[in-house]
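Numbering (the numbering used here), first residue to last: 1236 to 1461.
Glycine included, every Cβ here is placed at the ideal spot set by N, Cα and C.
Predicted model, so just to flag it, every value in this text is computed and none were measured.
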Amino acid sequence: MLLERQVEGIIAVDTPIRFETDLPVVSVSGHDQITGVTNIVLNHRHAAELGMGHLFTLGHRRIAFIKGQNFSSDTEIRWETIAQATQKRGIKLDIDLIAQLEGDIPSPEIGYIAAQKIIAAKKPFTALFAFNDISAIGAIRALQEIGLRVPEDVSVLGFDDVYAAAFYNPALTTIRQPLFEMGSLAAQTLLERVAKKQAKGKGQIPETLTVEPKLIVRQSTAQVRK
């Protein structure tokens, strides 16, 4: 449909691109290497190190995890790097303390349901690392409903640093994904590629442009209780 409308370029967000086209294409959070597609990606390995390093420094060794939905292009790489950062620190991954988000509604409810599954395993944990901030907020609700305090009993770490994260109670510790920077970089890259194509310029097309995450420490994580 876009090709029929004679667009000059495409920006895709969190959408796997698996086709080749003569149009300039920039994919934000797309991780497939396709000829002619420039991927704007987060340094997930650094993000995982920041998150796990923070929890490890606070003394947490029994950590639960909420993975992303299967359809999200970030799920595989984010989980892979978090698992590696966890095992690197000698922490065993317990399958009973890992739940996956299900459903495509952008609501804390899916994080709430995932946390309930972890709680139902009846295995102790002192921290929970969520796929994103929205699911982390839902997980906090599930923990509070059974009388667990955040962060006194369980620390909760999110991912993204959405606007609401700073205003939730407790304010959410998270890994900031600079979405505004990624969007600006995508737009700038696409404009440069469109201009180069119109001028019939030659040169190598950048396959991947990487942006860096940042750990934002707020009130939802704390030293593990002795």
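6 angstroms CB neighbourhood of residue i in its chain, flanking five on each side removed
{"i": "Ala1320", "result": "Ala1283, Glu1284 and Met1287"}
{"i": "Ile1375", "result": "Val1385 and Val1391"}
{"i": "Asn1305", "result": "none"}
{"i": "Thr1445", "result": "Val1276 and Asn1278"}
{"i": "Lys1431", "result": "none"}
Distance cut-off 7 angstroms: residue i Cβ against heavy atoms of the ligand MG
{"i": "Ile1245", "result": "In terms of ligand content, the structure shown is empty, and the ligand MG therefore cannot be addressed."}
Alpha-carbon spacing of residue i relative to residue j, whole angstroms
{"i": "Leu1383", "j": "Ala1421", "result": "42 angstroms"}
{"i": "Pro1413", "j": "Ile1353", "result": "29 angstroms"}
{"i": "Gln1379", "j": "Gly1325", "result": "29 angstroms"}
{"i": "Ile1317", "j": "Thr1292", "result": "16 angstroms"}
{"i": "Ile1246", "j": "Pro1341", "result": "21 angstroms"}
{"i": "Phe1366", "j": "Ile1269", "result": "26 angstroms"}
{"i": "Ala1362", "j": "Gly1244", "result": "43 angstroms"}
{"i": "Met1417", "j": "Val1263", "result": "7 angstroms"}
{"i": "Ala1299", "j": "Val1260", "result": "37 angstroms"}
{"i": "Glu1442", "j": "Asp1309", "result": "17 angstroms"}
{"i": "Gln1458", "j": "His1295", "result": "8 angstroms"}
{"i": "Pro1343", "j": "Val1389", "result": "18 angstroms"}
{"i": "Phe1415", "j": "Arg1460", "result": "37 angstroms"}
{"i": "Lys1449", "j": "Val1429", "result": "31 angstroms"}
{"i": "Gln1351", "j": "Ile1451", "result": "26 angstroms"}
Same chain, Cβ closer than 7 angstroms to residue i, five either side skipped, listed in chain order
{"i": "Met1236", "result": "Its pLDDT being 43, under 50, Met1236 is placed unreliably by the model, and the measurement read from it follows with that caveat. So no residue of the chain qualifies."}
{"i": "Ile1381", "result": "Ile1354"}
{"i": "Tyr1403", "result": "Ile1372"}
Exposure label - residue i; buried when at least 16 CB within 10 Å
{"i": "Asn1274", "result": "buried"}
{"i": "Val1242", "result": "exposed"}
{"i": "Lys1302", "result": "buried"}
{"i": "Leu1328", "result": "exposed"}
{"i": "Phe1364", "result": "buried"}
{"i": "Asp1339", "result": "exposed"}
Other residues of its chain near residue i: CB distance less than 8 angstroms, five sequence neighbours each side excluded
{"i": "Arg1453", "result": "Ala1400, Ala1401, Pro1405, Ala1406, Leu1407, Thr1408 and Thr1409"}
{"i": "Pro1359", "result": "Arg1297"}
{"i": "Lys1357", "result": "none"}
{"i": "Asp1368", "result": "Gly1393, Phe1394, Asp1395, Asp1396, Val1397, Ala1399, Ala1400, Leu1407 and Thr1409"}
{"i": "Thr1456", "result": "His1289, Leu1290, Leu1293, Ala1362, Pro1386, Ser1390, Val1391, Leu1392 and Thr1408"}
{"i": "Gln1322", "result": "Leu1328"}
Contact belief for residue i with residue j at Cβ below 8 angstroms, rounded distance in angstroms
{"i": "Glu1447", "j": "His1281", "result": "6 angstroms"}
On the three-pair Cβ rule with 8 angstroms, is the stretch 1347–1364 touching the stretch 1307–1314? Contact fails: fewer than three Cβ-Cβ distances are below 8 angstroms.
Per the contact definition of three or more C-beta pairs closer than 8 angstroms, is the stretch 1392–1399 in contact with the stretch 1325–1345? no
Between the stretch 1422–1430 and the stretch 1366–1375, are three or more C-beta pairs nearer than 8 angstroms? No, the stretch 1422–1430 does not touch the stretch 1366–1375.
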